[in-house]
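Encoded as structure tokens, the structure appears first; notes follow it.
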Amino acid sequence: MKHLLDLTLKESRFLNARNILMKFTSDKWLPEMLPGQFVEVKIENEPKVFLRRPISIHFVDYEQNELWLLVQTVGNGTNKMAQLKVGETMNIMLPLGDRGFSIEKSNQDLLLIGGGVGVAPLLYLAKILKEKGNKITFLLGSRTKEDLMQIDEFSKYGEVLVTTEDGSFGEKGFVTQHSVLSAKKFDYIYTCGPTPMMKAVAKYATEANSACEVSLENKMACGLGACLCCVTETKKSNECVCKKGPVFDINELNW
Amino acid sequence: MANLEVKLGNLSLKNPVLTASGTFGYGTEYADFIDLNRLGGFIVKGTTLNAREGNPYPRMAETPSGMLNAVGLQNKGVDYFIEHIYPTIKDLNTNVLVNVSGACIEDYVRCAEKINELDKIPSIELNISCPNVKKGGMGFGTSPDMAAEVVSNVRKVYKKHLMVKLSPNVTSIAEIAKAVEGAGADSVSLINTLLGMAIDAERRKPLLSTVTGGLSGACVKPIALRCVWQVANAVKIPVVGLGGIMCATDAIEFLLAGATAVQIGTANFIDPTTTVNVIDGINEYLDRHNFSSVTEIIGAINK
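Residue numbers (our numbering), protein chains in the order written: chain A, 24 to 278; chain B, 2 to 304.
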């Protein structure tokens with residue numbers, strides 16, 4: 024069941040120059056949300072913005088009744104979002120995407136690879152997967168040390184490995200160049216980040232014979248599978264990322 | 002509570018609010034947010050004789066107060082609709098209309114013939130105005146002779162309410178409207194999207210895979226309103242107005258300009274409850290101005 028809710032900003036804080044962590048709450052209990060699903064946020068009073076903005080679910084804290092969004096301020100919509108003050112509300116449609124990450128796993132060795140703000144959905148995913156007895160390893164990539172986010176939060180659920188393009192933290196290079204990938208085979212790989220990174224991860228996974236899921240981020244309008252704008256080419260047909268995804272198995276895609 | 006019922010010829014609507022094809026899926030996508038039975042009706046996604054994959058991604062670009070789309074009539078074809086979609090929507094207590102498109106007259110006719118057999122579909126909306134397909138589509142809607150030819154051929158096989166959706170990408174939309182009226186249309190709906198374009202200056206590339214696409218949203222409303230007014234003054238059949246309706250006041254403006262009903266399109270993407278808010282808002286307006294029926298305000302700017 025999808026909902027249209029006015030959620031109240033409880034806390035927000037820039038984690039670095041471009042990314043802001045926003046924690047929303049409600050006087051009603053938040054509905055059930057699954058890792059990999061997303062929300063669409065209505066941007067009010069910004070003439071340059073017409074459509075809602077799709078944002079990954081970063082974390083859901085049911086005890087505190089909080090929805091966490093990790094937002095990269097890239098344009099007029101996300102910059103307007105970042106200006107929201109504590110106590111103010113935003114109209115948010117959620118949860119969207121019929122298919123999040125696969126969570127019916129237990130006692131497996133899982134690798135969660137994130138790049139840039141693509142790390143966002145991996146936190147909630149890790150919480151759920153850890154509760155089911157899986158061993159979690161994160162491999163997080165960014166340009167510099169300053170771009171890394173939420174390392175303390177990720178550390179609660181597993182080992183955190185890092186690559187930076189400038190070598191300022193962790194191993195130097197891209198996530199697909201990290202030494203752990205040649206040292207070890209994982210049962211399952213989950214990834215979210217820039218498309219070139221995900222394609223490189225998919226290539227690695229195919230060669231290593233590991234199953235792999237990717238979370239796509241196509242430009243979208245309705246978020247409900249009605250407008251057919253956000254399609255990705257699958258082996259079968261063009262499918263809406265917003266409805267049939269946003270998570271796909273790499274074997275379904277024409278990558 | 003005013004009487005909201007309107008009649009499009011032989012088609013009765015419990016209120017004048019429909020949804021625009023291509024913006025409301027098959028209705029079920031919106032069922033978590035609104036009671037579909039409250040609508041005057043909804044028009045399902047453009048349906049063609051054979052399945053179409055549509056255009057490559059990217060198909061959408063946001064523009065000031067609007068958006069461009071280049072979906073290109075992606076759908077699984079009329080037989081899939083009849084087998085898989087129709088059973089899920091046929092028992093709704095509202096009018097379900099099917100938007101029909103084609104690459105040639107024969108395709109329109111065969112598709113309409115199949116839908117004519119569906120008891121619970123009281124009307125088709127003939128799409129002679131899609132800007133996003135290479136063959137057919139808007140080609141049929143930009144010449145009065147071609148428009149009349151496709152409509153008269155479909156008229157021969159389609160026995161129920163025949164609505165024809167018109168393109169604004171023409172010199173005189175009233176001329177096209179008169180041509181399809183003469184060919185047997187029961188009503189006209191307008192406007193389809195306006196042909197537009199957007200460019201990413203940094204990358205020096207178009208934002209749509211097809212370069213051009215259809216513009217919709219709040220920004221097109223003044224053009225749509227003008228088209229509705231011109232057509233309503235040119236034809237005797239009912240006019241259904243659409244284009245940039247975001248709220249009840251917008252919808253009322255179309256009724257005042259001469260539309261008997263309206264369609265809500267792109268607004269569904271921003272607020273999935275727009276349709277019911279528009280119905281409530283029209284009712285509130287009629288009460289506030291002491292009208293007992295919505296029919297009293299249709300074309301009222303001319304009165």
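Ideal Cβ positions, reconstructed from N, Cα and C, are used throughout, including at glycine.
- In this structure, M172(A) is the residue among M116(A), M172(A), V270(A), E240(A) with its C-alpha nearest to the C-alpha of V142(A).
- Taking CB atoms only, G248(A) has a neighbour in chain B less than 8 Å away.
- Where F37(A) is concerned, there is no enclosing alpha helix (DSSP H), although the beta strand (DSSP E) around it starts and stops at 26-37.
- Put simply, of E54(B), R60(B), I90(B), L12(B) the residue whose alpha carbon is nearest the alpha carbon of G214(B) is R60(B).
- For A244(A), the residues of chain B that pass the 7 Å Cβ criterion are M61, M68, F270, in the order they occur in the chain.
- The beta-carbon separation of T187(A) and T167(A), rounded to 6 Å, stays under the 8 Å limit for a contact.
- Of the candidates T267(B), V171(B), G259(B), the residue whose Cα lies closest to the Cα of L247(A) is T267(B).
- The contact set of T274(B) on chain A, defined by CB atoms closer than 8 Å, consists of L27 in chain order.
- Given a length threshold of 3 residues, each whole run of the beta strand (DSSP E) inside the region 66-122 of chain A is given here in chain order: 76-79, 82-84, 89-95, 112-119.
- Nearest to I43(A) by C-alpha distance, out of K51(A), K179(A), L92(A), is L92(A).
- Secondary-structure assignment with DSSP links C263(A) through a beta bridge to V254(A).
- Residue-level contact check: V79(B) does not touch chain A, since none of the beta carbons of chain A fall below 8 Å from its beta carbon.
- Taking a contact to require three or more Cβ pairs closer than 8 Å, the region 237-253 of chain A and the region 30-39 of chain B qualify as touching.
- Taking 9 Å as the upper bound on Cβ-Cβ separation, chain A lies near no residue of the region 109-137 of chain B.
- The beta carbon of Q75(B) sits closer than 7 Å to those of R53, E54, G55, all from its chain and outside the five residues before and after it, given in chain order.
- By the criterion of at least three beta-carbon pairs nearer than 8 Å, the region 151-171 of chain B is in contact with the region 184-196 of chain B.
- Contacts with chain A at 8 Å (Cβ-Cβ) do not include T48(B).
- In the assembly as shown, Q60(A) is a buried residue. Its beta-carbon has 16 or more other beta-carbons within 10 Å.
- Positions of the beta strand (DSSP E) runs, each at least 3 residues long and wholly inside the region 85-140 of chain B, are given as 96-101, 124-128 in order along the chain.
- Separation of the CB atoms of G123(A) and L57(A) is rounded to 4 Å, and the pair is thereby assigned contact status at 8 Å.
- Rounded to the nearest whole angstrom, the C-alpha separation of D272(B) and K65(A) is 8 Å.
- A residue is called buried once 16 or more other Cβ atoms fall within 10 Å of its Cβ, and G73(B) is buried on that count.
- Under the Cβ criterion of 8 Å, N102(A) is not counted among the residues facing chain B.
- The beta carbon of V110(B) sits closer than 7 Å to those of N154, V155, V158, all from its chain and outside the five residues before and after it, given in chain order.
- A Cβ-Cβ distance of about 6 Å is found for the pair S124(B) and K161(B), placing them in contact under the 8 Å criterion.
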